[in-house]
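S.K.: Pasting a structure below so you can have a look.
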Amino acid sequence: LASAPRPDRIGSAAFVPGELTRGDLPLAQHIDGPVSAPVMIATGSRPGPTLWVQAAVHGGEVGGTLGLARFLERVELSTMAGAVIGILAANPLAFQAQARNTPQDGENMNRVFPGSLSGTITRQMARRLFETARTTADMVVDLHSGGAEATVPFYTLYWDDGSPASAAARALAVSAGTATVWAARDEWLSGALIVQLTRSGTPALIVESGGGAALEDGEIESFASAIESIARAGGLLPGSPGSAREPTMIGSCDLVFTKEGGFFVPRCRPGQIVEGGERIGEVVDVFGQVRERISSGKRAFVAALGRPYLPVHSGAMIAELNDIVSHGGA
Ligand SMILES: [Zn+2]
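For what it's worth, our numbering labels the leading residue of the sequence shown as 1, then goes sequentially.
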């Protein structure tokens with residue numbers, strides 16, 4: 001991957017060879033002043049590629065924020081080439097509210113990329129993030145989780161459009177060390193940062209882990225180790241990526257919604273493979289009665305599942321069920 005010419009800072013954080021710096025990147029204006037994303041930059045002692053890693057584009061998904069900070073604090077800069085730009089809270093308004101969407105306009109930032117400087121505040125922030133990443137990074141990683149309502153297994157996702165950027169993103173996604181990789185073509189993802197970047201020629205991928213309004217240290221470590229493996233595969237760190245196994249490849253995703261209201265009771269696990277007709281969960285009403293039994297319409301990989309006893313109304317999204325393209329090996 002070629003090294004892009006790069007500015008000497010991102011917002012107020014500078015690239016200083018051999019040092020980890022901190023600052024903030026203004027993305028919009030609030031009533032009382034700038035809305036800024038916290039930024040850390042780890043710069044290696046030698047020139048090399050620039051890796052952009054961002055977390056909390058969905059504000060409640062803090063596992064990525066903590067994993068990114070952990071990676072940046074422990075990376076050995078004397079052996080690193082290039083730089084890692086870490087955006088610790090890519091949607092600062094949603095992060096402050098600990099909400100998935102921006103409270104000011106209700107928008108999901110990861111559905112509005114590449115954004116617009118004449119749109120809602122979410123779209124203006126998205127535009128500045130997109131342009132800064134596109135013009136400074138050779139590769140981009142976006143960290144996500146199931147957030148407060150769902151739990152996801154540890155997996156990576158790239159946009160599978162056959163382009164050179166997509167092929168490079170696939171190689172990075174496989175290098176991350178997850179058991180599962182989603183080669184996505186689902187049109188509902190078209191406003192995601194990674195899709196818009198891949199279409200503009202920058203390899204980009206998502207790393208997902210955990211959620212369900214809980215966070216274990218192992219999930220933070222999963223994010224940190226995935227970033228490290230991607231940095232090795234991208235040529236920033238010495239050594240080969242850790243993964244020796246062939247991941248299970250998944251594709252087309254069905255979103256599953258409730259019809260009834262009450263509480264969602266899972267009957268399978270995130271990361272499990274379910275057969276066609278197999279029960280994935282139930283909706284129990286406030287009187288304790290089972291109102292709805294939800295089954296998978298196909299053999300599928302459970303890429304996201306509502307957390308136990310999630311309060312739901314009709315039309316609440318409670319699962320993502322993906323086609324299995326190929327099974328991985330040891
Ligand atoms: Zn997310």
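From the three backbone atoms N, C-alpha and C, an ideal C-beta is built for every residue, glycine too. Small disclaimer: the values here were computed from a predicted structure and weren't measured.
1) Taking buried to mean at least 16 other C-beta atoms within 10 Å of its own C-beta, is Glu187 buried or exposed?
2) Of the choices His313, Gly234 and Ile41, whose alpha-carbon is the least far from that of Asp138?
3) What is the rounded straight-line gap between the Cα of Val325 and the Cα of Met249?
4) Tell me Ser295's beta-bridge partners as DSSP assigns them.
5) With Gly218 as the anchor, note down where its alpha helix (DSSP H) starts and where it stops.
6) According to DSSP, which residues form a beta bridge with Gln54?
7) Quick check: does the Cβ of Arg100 come within less than 8 Å of any heavy atom belonging to ligand 1?
8) For Pro308, count neighbouring Cβ atoms within 10 angstroms of its own Cβ and tell me buried if that reaches 16, exposed if not.
9) At a cut-off of 8 Å, would you count Asn322 as near ligand 1, judging by its Cβ distance to the nearest heavy atom?
10) Kindly indicate the opening and closing residues of the beta strand (DSSP E) around Thr120.
11) Determine the extent of the alpha helix (DSSP H) in which Leu197 is found, giving its start and end residues.
12) Who are the near neighbours of Arg245 in its chain, counting only those whose CB is closer than 8 Å to its CB and skipping five residues on each side?
13) For the candidate residues Ala213, Val207 and Gly211, whose alpha-carbon lies nearest to that of Glu228?
14) Consult DSSP for Val302 and reduce its assignment to one of helix, strand or coil.
15) Bridge partners of Met317, per DSSP?
16) Roughly how many whole angstroms lie between the Cα atoms of Leu237 and Asp105?
17) Taking Val256 and Ala319 to be in contact with their CB atoms under 8 Å, please state how far apart those CB atoms are, rounded to whole angstroms.
18) Would you check if there are 3 or more beta carbon pairs closer than 8 Å linking the stretch 45-65 to the stretch 21-33?
19) Have a look at Gly63 and Phe264 and give me their C-alpha separation to the nearest angstrom.
20) Taking the straight line between their C-alpha atoms, what separation do you get for Gly239 and Leu143?
21) Nearest to Arg232 by CA position, among Ser12, Phe71 and Glu61, is which residue?
22) Rounding to the nearest angstrom, what Cα-Cα distance links Ala304 and Met125 in this structure?
23) Measuring only from the beta carbon, is His58 closer than 8 Å to any heavy atom that is part of ligand 1?
24) Beta-carbon within less than 6 Å of Thr156's beta-carbon, same chain only, minus the 5 sequence neighbours each way: which residues are those?
25) Can you determine whether any heavy atom of ligand 1 sits closer than 8 Å to the C-beta of Gly162, and answer yes or no?
26) Buried or exposed: Gln196, going by 16 or more other Cβ atoms within 10 Å of its Cβ?
27) Taking 9 Å as the cut-off, decide whether the C-beta atoms of Ile280 and Leu321 are in contact.
28) Pick from Ala42, Asn101, Gly67 and Pro38: whose alpha carbon is nearest that of Asp8?
29) Closer than 8 Å to a non-hydrogen atom of ligand 1 - does that hold for the CB of Ser190?
30) Grouping DSSP H, G and I as helix and E and B as strand, with all else coil, what is Leu1?
31) Mapping DSSP to helix, strand and coil, what is Asn110?
M.R.: With the structure as the only source:
1) Here residue 187 refers to the residue found at position 187 of the sequence shown. Label assigned to Glu187: exposed.
2) Counting from 1 along the sequence shown, the entry for residue 138 is found at position 138. With distances taken between Cα atoms, Asp138 lies closest to Gly234.
3) As a first step, residue 325 must be located in the sequence shown, where it is residue number 325. As a first step, residue 249 must be located in the sequence shown, where it is residue number 249. Each residue's Cα considered, the two are about 5 Å apart.
4) As a first step, residue 295 must be located in the sequence shown, where it is residue number 295. In DSSP, Ser295 forms a bridge with Arg279.
5) Taking the first residue of the sequence shown as 1, we reach residue 218 at position 218. That run of the alpha helix (DSSP H) goes Asp217 to Ala233.
6) What you label residue 54 is simply residue 54 of the sequence shown in a count that begins at 1. According to DSSP, which records beta bridges pairwise, Gln54 is partnered with Ile87 and Asp142.
7) The residue given as residue 100 occupies position 100 in the sequence shown. True, at least one ligand heavy atom lies under 8 Å from that Cβ.
8) Sequence index remark: in the sequence shown, residue 308 carries index 308 (1-based). Pro308 is exposed by the Cβ-count criterion.
9) For the purposes of this step, residue 322 is taken as the residue at position 322 of the sequence shown. It does not: the Cβ of Asn322 is nowhere closer than 8 Å to a heavy atom of ligand 1.
10) For the purposes of this step, residue 120 is taken as residue 120 along the sequence shown, with counting starting at 1. From DSSP, Thr120 is part of no beta strand (DSSP E); its letter is neither H nor E.
11) As a position in the sequence shown, residue 197 is number 197, starting the count at 1. Taken as a continuous stretch (DSSP letters only), the alpha helix (DSSP H) holding Leu197 covers Leu193 to Arg199.
12) Within the sequence shown, the letter at position 245 stands for residue 245. Excluding positions up to five away in sequence, the list reads Ala179, Gly328, Gly329 and Ala330.
13) Against the sequence shown, residue 228 aligns to sequence position 228. Nearest option by C-alpha distance: Val207.
14) The sequence position of residue 302 within the sequence shown is 302, counting from 1. Three-state result, Val302: strand.
15) One-based indexing of the sequence shown puts residue 317 at position 317. Paired residues: Phe257.
16) Within the sequence shown, numbered from 1, the residue matching residue 237 stands at position 237. Within the sequence shown, numbered from 1, the residue matching residue 105 stands at position 105. Straight-line Cα distance between these residues: approximately 40 Å.
17) For the purposes of this step, residue 256 is taken as residue 256 along the sequence shown, with counting starting at 1. For the purposes of this step, residue 319 is taken as residue 319 along the sequence shown, with counting starting at 1. Confirmed, about 4 Å.
18) no
19) Along the sequence shown, one-based indexing puts residue 63 at 63. Along the sequence shown, one-based indexing puts residue 264 at 264. Spanning the two alpha carbons is a distance of roughly 24 Å.
20) Numbered from 1 along the sequence shown, position 239 holds the residue referred to as residue 239. Numbered from 1 along the sequence shown, position 143 holds the residue referred to as residue 143. Answer to the nearest angstrom: the Cα atoms are 23 Å apart.
21) Locating residue 232 in the sequence shown gives position 232, where the first residue counts as 1. Closest by alpha carbon: Phe71.
22) Residue mapping note: residue 304 aligns to position 304 of the sequence shown, counting from 1. Residue mapping note: residue 125 aligns to position 125 of the sequence shown, counting from 1. In a straight line, the C-alpha of Ala304 is about 27 Å away from that of Met125.
23) The count along the sequence shown starts at 1 and reaches residue 58 at position 58. Indeed, a heavy atom of ligand 1 lies less than 8 Å from the Cβ.
24) The residue given as residue 156 occupies position 156 in the sequence shown. Hits under 6 Å: Ala173, Ala176, Thr178, Val181, Leu205 and Val207.
25) By one-based count along the sequence shown, residue 162 stands at place 162. Gly162: no, Cβ never under 8 Å from ligand 1.
26) Numbered from its first residue, the sequence shown carries residue 196 at position 196. Buried, because 16 or more other Cβ atoms sit within 10 Å of the Cβ of Gln196.
27) Position 280 of the sequence shown, counted from the start, is the residue given in the question as residue 280. Position 321 of the sequence shown, counted from the start, is the residue given in the question as residue 321. Yes.
28) The residue you call residue 8 lines up with position 8 of the sequence shown. Comparing Cα positions, the closest option is Ala42.
29) For this step, residue 190 is matched to residue 190 along the sequence shown. No, since every heavy atom of ligand 1 falls outside the 8 Å radius drawn around the Cβ of Ser190.
30) If you number the sequence shown from 1, residue 1 lands on position 1. Legend: pLDDT at Leu1 = 48, less than 50; position of this residue unreliable, value from coordinates given subsequently. Coil, per DSSP.
31) Numbered from 1 along the sequence shown, position 110 holds the residue referred to as residue 110. Residue state, collapsed to three classes: helix.
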